[in-house]
Amino acid sequence: MFELLLNGFSVALSGLNIVLVFIGCFLGTVIGMLPGIGPINAIAILFPIVLQFELPPSSALIFFGGIFYGSQYGNSISSILLNVPGTSSAAVTCIDGNPLAKQGKAGPALAMSAVASFSGGTLSIFMLIFFAPYLSKLAIDFGPAEYFVLMVCAFTALTGFSQGSFIKAMFSAFLGLAIATVGIDELSFGGMRRFTFGIRELGDGIDFIVVVIGVFAVGELMLFLSDFASDKSQKIVPLNKVLLSFKEIKESAAGILRSCVTGFLVGVLPGAGATIASFLAYNTEKKLAGSKGKFGRGDLRGVAAPESANNSSAVGSFIPLLVLGVPGSETTAVMLAALITLGVTPGPTMLVDQPDMFWGVAASMFLGNLVLIILNLPMVRVLAKILLVPRWILMPLIAMLSIVGVYVINGSEFDLILMLIFGVVGFIMRKTGFPLAPLVLGLVLGGLIEVNFRRALTYSYGDYSTFYESPISIGLWVITFASLLVPLIFRFIKKQRQ
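All residue numbers for the sequence shown refer to my numbering, where the first residue is 1 and numbers rise by one.
The following block contains the structure:
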């Protein structure tokens, strides 16, 4: 294995591939900062250029990989500074990242994001190298029933986002679930329309980015206008410091490690994705912190957990892509199509037939993470100063980014109207104390829960025992109930001691 890895580094360190890693990471960071574009569109747009220059398949995959995990870090920049998540997985970073920025701690938040992304990405690469063949078997064993239980387990993260009122968190989550059901039901006979109210444009459903940008960015803009009108607008907060202290890194180290493992394991599962990984990681760290944490109000651990999980999930998603030939996420699905076009068919024989491809990509991930930390840590001081720009100048910029980000998805004016509607929803939720994160969680999990539930029952001919037959399902149910009951037990014990 060590010899194969060295051979992989010889591939990754070739002059062309080093340049491609650097360009890919840089483009990925910039693309991640721009809402609505994302690595999927970037790779799709750049693929014809790859064909034009006749890049070898390994070089093309290294380039696309750099864009992929570069965008994971870029997402955090706009989330922390502007409260504008570039993708769904970055929405979790907004919860603590933006409050930290408003407190004058944008520098430490950005630095923590860079450190957590680097650490999570690097540790997960080791897991990719050592466990790829074994974890690919785990991914094969996951059927619809196991995915359904996993989604239910992820839904228990709701308890970590209640911010004082569990009823309000439940309302937000069910609103997200309702939004997820809008559109044509593709699993029903004839394609039944649900909650479209006769509006043709709603037939395809509501795009996730439209909702997220509306609720977070436009809602924030409306809140600013409301405060400005009542002379309560926030003043510019001076930057207290820019870099992290050793104490802050030490406090977050264990959480980064736990989140890395969580993100990697979720990333291995085709279709699960970085969003679920970041929610699970954040919820775990919030529960472990207990009353000592400031989660939701500005806690660096609330930035470290989702960022570590995001990057490790991106690395994990390469296992089903390379070892099984099955995309682990939407981005790797585009990569798979690109590889097939280039004449490469990933699958179980890749480790034997094309070791240079697998180990070259693994080695390039090390280089990519190194490039990202070198690129982004020196930029923290510069990026943090964005918050020194008066908000009456910054808010129109956020509005412009939001409009462009939503419009480029489908080129639809109707999406812009939906964005404004969800902006009003986000504004009202902020004013009335309803948490936004459960809405995002419900929106992400809604479609996945329904589809896997119905598929599992179809495959089992309506037998509900399919949801607790396999060892994987049983293990996930145990984790689900433990995550709900253990905090209640500890709370009860604490009250008894008092």
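Just so you know, even glycine gets a beta-carbon here, dropped at the ideal spot from N, CA and C. The structure presented is a predicted model; accordingly, all values stated were derived computationally and were not measured.
Item                                                                                                         : Value
Backbone CA spacing between S233 and L488 [nearest angstrom]                                                 : Residue placement at S233 is flagged as unreliable, the pLDDT there being 49, under the threshold of 50; the coordinate-derived value follows with that caveat. Looking at the two C-alpha atoms, the distance is approximately 39 Å.
Proximity to C94 [Cα-Cα], best of T432, A60, E307                                                            : E307
Buried or exposed (CB count within 10 angstroms, at least 16 for buried), A482                               : exposed
V19 to G360 span [Cα, whole Å]                                                                               : 14 Å
For M379, three-class secondary structure by DSSP                                                            : coil
Short Cβ contact (8 Å threshold) for G28 with S71                                                            : yes
Spatial distance of S312 from E186 (CA atoms)                                                                : 32 Å
Which of helix, strand or coil DSSP assigns to R430                                                          : helix
Of the listed residues T458, V444, P57, nearest to V510 (C-alpha basis)                                      : Residue 510 falls outside the range modelled here, since the chain spans only 1 to 498, and no answer is possible.
Identified DSSP bridge partners for D185                                                                     : M192
Beta-carbon proximity of G423 to G219, cut-off 8 Å                                                           : yes
Buried versus exposed, by CB contacts within 10 Å (16 or more), N310                                         : buried
Per-residue DSSP class, three states only, for L300                                                          : coil
Run of the alpha helix (DSSP H) containing R454, from where it starts to where it stops                      : 437–459
CA-to-CA distance, T341 to S10, given in whole angstroms                                                     : 25 Å
Local conformation of V344 per DSSP, three classes                                                           : coil
Distance CB(G347)-CB(L383) smaller than 8 Å                                                                  : no
Rounded straight-line distance, which links the Cα of A338 to that of F208                                   : 25 Å
Nearest-angstrom beta carbon gap, L322 and F366 [assumed within contact, 8 Å]                                : No, F366 and L322 are not in contact; Cβ-Cβ is about 16 Å, not under 8 Å.
Segment limits, alpha helix (DSSP H) that includes S172                                                      : 166–180
Best match in I213, G38, L150, S117 for proximity to F467 [C-alpha to C-alpha]                               : L150
Straight-line Cα distance separating V182 from F197                                                          : 10 Å
Contact the segment 63–81 vs the segment 280–287: 3+ CB pairs below 8 Å                                      : no
Beta-carbon proximity of A274 to A333, cut-off 8 Å                                                           : no
CB-CB length for F85 against F216, believed under 8 Å                                                        : It should be pointed out that residue 85 corresponds to Pro in this sequence rather than to Phe. P85 to F216, Cβ: 6 Å. Contact.
Through-space distance from F427 to I169, alpha-carbon basis                                                 : The amino acid at residue 169 is misidentified as Ile; the sequence shows Ala. Cα-Cα distance, rounded: 16 Å.
Boundaries of the alpha helix (DSSP H) in which S252 is found, first to last residue                         : 246–268
contact_flag[the segment 256–269, the segment 106–125] where n(CB pairs < 8 Å) is 3 or more                  : yes
Nearest residue (CA-CA) to W392, options T458, L223, I199                                                    : L223
Endpoints, alpha helix (DSSP H) assigned at D207                                                             : Segment: none, D207 is in no alpha helix (DSSP H) and carries neither H nor E.
Beta carbon of N283 nearer than 8 Å to that of A114                                                          : no
Where F53 sits in the DSSP three-state scheme                                                                : coil
Cβ neighbours of V210 in the same chain (closer than 8 Å, five flanking residues each side left out)         : V406, I409, D415, L418, M419, F422
Alpha-carbon spacing of L300 relative to M112, whole angstroms                                               : 7 Å
Sequence-distant residues of its chain with Cβ nearer than 7 Å to S59 (five each side left out)              : L16, N17, L20
Sequence-distant residues of the same chain with beta carbon closer than 8 Å to Q496, five excluded per side : none
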